[in-house]
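Under my numbering, think of the first position of the sequence shown as 10, with each following residue one higher. Below you'll find the structure, written out as structure tokens, and then a few comments.
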Amino acid sequence: MSNIVRDSDVVELSAPPFFSFGEKVRAKRTIRNDGTYAGKEIGDILAKKGEVGYVVSIGTFLQQFYIYGVEFLESGNRVGMKRKELDPVTPRDVVEDIPLPEAAS
């Protein structure tokens with residue numbers, strides 16, 4: 010049997026997802042096809058380390074983890090990734106929203 014790495018002590022689903030829909034994220038490492046990505050050979054690169062993409066879906070895996078569907082811009086691939094494989098592009102204390110103009114009194 011293969012050695013499946015499982016973070017059995019981590020249950021992310023007890024909290025809301027870390028990333029939001031449409032959030033800009035960066036891959037922490039190179040992601041290769043493990044055989045679950047249709048149309049690509051096993052071992053093909055799906056996303057390079059540092060590649061930027063956007064969260065387009067949020068699902069779950071093993072009733073334990075959130076899986077973020079990330080659409081990567083450079084490769085054009087949509088890849089399911091765990092929180093530990095991603096970094097936010099914009100630091101969390103920075104807000105990208107443009108403030109609304111003050112109302113005239």
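By construction, the Cβ of each residue, glycine as well, lies at the ideal position given by its N, Cα and C atoms. Everything numeric in this text was worked out from a predicted model, so none of it was measured.
Using the DSSP secondary-structure output, state which residues sit across from Y77 in a beta bridge. In DSSP, Y77 forms a bridge with I67, M90.
Across the segment 43-50 and the segment 72-84, are there enough close Cβ pairs to call them in contact, namely three or more that are closer than 8 Å? no
Outcome for G62 when other beta-carbon atoms lying within 10 angstroms are tallied against a minimum of 16: buried
Roughly how many angstroms separate the alpha carbons of A24 and I54, rounded to a whole number? 31 Å
Burial state of L71 (16 or more Cβ within 10 Å): Exposed, because fewer than 16 other Cβ atoms sit within 10 Å of the Cβ of L71.
Quick check on L22: does DSSP put it in helix, strand or coil? helix
Using a Cβ-Cβ cut-off of 8 Å (strictly less than) and excluding sequence neighbours within five positions of S29, which residues of its own chain qualify? V64
Beta carbon of K33 nearer than 8 Å to that of V88: no
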